[in-house]
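Before any comments, here is the structure.
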Amino acid sequence: MATPALRALRSHYAKARLIGVMKPYVADVFAGGDWFDDVVFFNGGPWSQGVLAVARQLRQRHIDLVVLFANTFRSALTAWLGGCQRRIGYARYGRSLLLTEALQPVRDEFGQRKPSPVLDAYNLLAEKAGCPRPGYLMELFTTSADERAADQVWEQAHFEDYSEVVCLNPGAAFGAAKHWPSAYFADLARRLAGERGSGVLVLCGPNERQLARAIAKLADHPHVYALADLTAPTAPQGPPLSIGLTKACVRRADLLVTTDSGPRHFAAAFDRPVVTLFGPTHIEWTETYHPRAVHLQKRVECGPCQLRVCPLDHRCMLQLTPEEVYRAAEELLH
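Add 186 to a position in the sequence shown, counting from 1, and you land on the number used in our numbering.
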């Protein structure tokens, strides 16, 4: 969701040297693009050591301007200790004194933070830095290695023999409250494969292998595959699981059905149709304005609660039926 603002900064400061400060997994998302001339990794570890190590690198680079997409106190402190001359960010978590230009978050009439698109918030940071309005065109890229890995997956599953391929993304790092039941995903996969003749690929990260395998097993259909079974170490000739592979799979899919999680945004960035299943989270926070997106959410009296684990009966996700999701998928595939 930061890519429209990053593109605006890259264009507006065409003669500048742009440096990205990020965790390694974020660099994997950006891989293949041309946003940054250099990258500084924030590897975590002890709080003081991480901040001081990155601040030291920033001081060596004599930074004129830093745009803080992260809203943490740590990011603002790092920029301040790093001697960055202009420090633009949002006035949150007590960090206003560390910023030279502090933007106020959107609030309602009672002064509480109001759910509003993060995409808009990022774009306002770029405008504050002097850029024209960035717009809403999200973009990502794949590398040649990513595409070769996806080619291996497609060959093993014989997806070239299908008229359409649908990717399912059941994971949600935020917490269990975002999960749609595995049996529901399996039901959806079975219907897509059986009624439409789709090839179905259940995506997963390294920590979601068992989840993907369970869904494929429950679906019990020869056209439904778990990415975990087509990649190393399960498949000796298969590629390793990676963010790049997930990007490449989403880029070539005809549709993505996903929980409200990171890969959902890959679809918008590659202009692919996407059905997103929302439960405990506000749709407004992550609205992307993608014209080929359908958002499904059941309005329940206890939500959206923004909780990582449901303290009740998970009704917001259980009431969202495979039939409803299948109809939305068919509409987008048509």
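Even for Gly, the Cβ is constructed at its ideal location relative to N, Cα and C.
Looking at the structure shown, is residue i part of a helix, part of a strand, or coil, going by DSSP?
i: Glu473; result: coil
i: Asn355; result: strand
i: Glu287; result: strand
i: Gln298; result: coil
i: Leu427; result: coil
i: His365; result: coil
i: Ala315; result: coil
i: Ala379; result: helix
i: Met324; result: coil
i: Val460; result: strand
i: Tyr279; result: coil
i: Asp224; result: strand
i: Gln235; result: helix
i: Thr420; result: coil
i: His481; result: strand
i: Val388; result: strand
i: Val252; result: strand
i: Val212; result: helix
i: Val410; result: strand
Could you name the residues of the same chain whose beta carbon sits closer than 8 angstroms to that of residue i, not counting the 5 residues immediately before and after it, in chain order?
i: Arg299; result: Pro291, Val292 and Arg293
i: Thr474; result: Met187, Pro303, Leu305, Tyr322, Met324, His451 and Ala454
i: Gly424; result: Gln338, Val339, Gln342, Leu416, Thr417 and Ala418
i: Ser282; result: Ala288
i: Ala369; result: Leu404
Rounded to a whole number of angstroms, what is the C-alpha to C-alpha distance between residue i and residue j?
i: Thr444; j: His248; result: 42 angstroms
i: Trp366; j: Pro318; result: 40 angstroms
i: Leu431; j: Leu404; result: 24 angstroms
i: Thr189; j: His520; result: 29 angstroms
i: Leu326; j: Pro356; result: 21 angstroms
i: Leu374; j: Ala514; result: 11 angstroms
i: His344; j: Gly383; result: 13 angstroms
i: Ala379; j: Gly316; result: 50 angstroms
i: Trp233; j: Arg377; result: 49 angstroms
i: Tyr308; j: Thr507; result: 34 angstroms
i: Phe349; j: Lys314; result: Reading off the sequence, residue 349 comes out as Ser, not Phe. Taking the straight line from one Cα to the other gives about 47 angstroms.
i: Tyr137; j: Leu504; result: With the chain running from 187 to 520 in the structure shown, residue 137 is simply not present.
i: Val237; j: Ala372; result: 44 angstroms
i: Leu442; j: Asp499; result: 27 angstroms
i: Ser208; j: Val240; result: Here residue 208 is Met; the residue named in the question, Ser, does not match the sequence. Spanning the two alpha carbons is a distance of roughly 10 angstroms.
i: Arg196; j: Phe228; result: 21 angstroms
i: His468; j: Ile429; result: 25 angstroms
i: Ala402; j: Glu295; result: 48 angstroms
i: Cys435; j: Ser330; result: 13 angstroms
i: Thr420; j: Ala412; result: 11 angstroms
i: Arg543; j: Gly280; result: In the structure displayed, the chain extends from 187 to 520; residue 543 sits before or after that span and is not available.
i: Ala277; j: Pro466; result: 26 angstroms
i: Arg437; j: Leu387; result: 13 angstroms
i: Gly268; j: His198; result: 23 angstroms
i: Cys502; j: Trp471; result: 17 angstroms
i: Leu204; j: Phe216; result: 14 angstroms
i: Arg260; j: Asp406; result: 48 angstroms
Compare the Cα-Cα distances from residue i to each of the options and report the closest residue.
i: Asp337; options: Tyr276, Leu416, Gly357 and Leu283; result: Leu416
i: Glu359; options: Leu283, Ile274 and Arg450; result: Strictly speaking, residue 359 in this sequence is Ala, with Glu absent from that position. It is Arg450 whose Cα lies nearest to the Cα of Ala359.
i: Leu192; options: Leu254, Asn229 and Val511; result: Leu254
i: Val410; options: Ala239, Phe216, Gly489 and Leu354; result: Leu354
i: Arg242; options: Gly297, Ala217, Cys270 and Asp220; result: Cys270
i: Glu333; options: Ala194, Gly218 and His476; result: Gly218
i: Glu509; options: Glu381, Ala331 and Val237; result: Glu381
i: Ala362; options: Asp446, Leu267 and Glu487; result: Asp446
i: Asp347; options: Val436, Gly385 and Ala335; result: Gly385
i: Asp224; options: Ala262, Leu518 and Ala202; result: Ala202
Would you say the beta carbon of residue i is closer than 7 angstroms to some non-hydrogen atom of the ligand NAP?
i: Ile249; result: Only the bare structure without any ligand can be found here, which leaves the ligand NAP out of the picture.
Taking 6 angstroms as the limit between beta carbons, can you name the residues of its chain near residue i, skipping five residues before and five after?
i: Leu251; result: Arg272
i: Leu427; result: Pro392 and Thr417
i: Leu397; result: Pro356
i: Ala265; result: Val252 and Arg273
i: Pro320; result: Pro190, Ala191, Ala194, Asn309 and Ala312
i: Trp221; result: Leu192 and Arg196
i: Val495; result: Gly361, Ala362 and Ala363
i: Ala479; result: Val460
So, for residue i: in the same chain, excluding its five sequence neighbours on each side, which residues have a beta-carbon less than 7 angstroms away from its beta-carbon?
i: Ala169; result: The question about residue 169 has no answer, for the chain in this structure spans 187 to 520.
i: Lys433; result: Leu326, Thr328, Asp332 and Phe452
Under 8 angstroms between C-beta atoms, does residue i make it to chain D?
i: Arg438; result: No chain D is part of this structure, which consists of one protein chain only.
Notebook entry, point to check: Should the stretch 460-470 be regarded as contacting the stretch 390-406, the criterion being three or more beta carbon pairs within less than 8 angstroms?
Noted result: Segments in contact, no.
Next item on the list: Inspect the CB distances between the stretch 208-215 and the stretch 338-352 and report whether three or more fall short of 8 angstroms.
Entry: Under the three-pair Cβ rule at 8 angstroms, the stretch 208-215 does not count as touching the stretch 338-352.
Note to self: Using a Cβ distance threshold of 8 angstroms, determine whether the stretch 232-251 contacts the stretch 480-494, with at least three qualifying pairs required.
What the structure shows: No, they do not touch.
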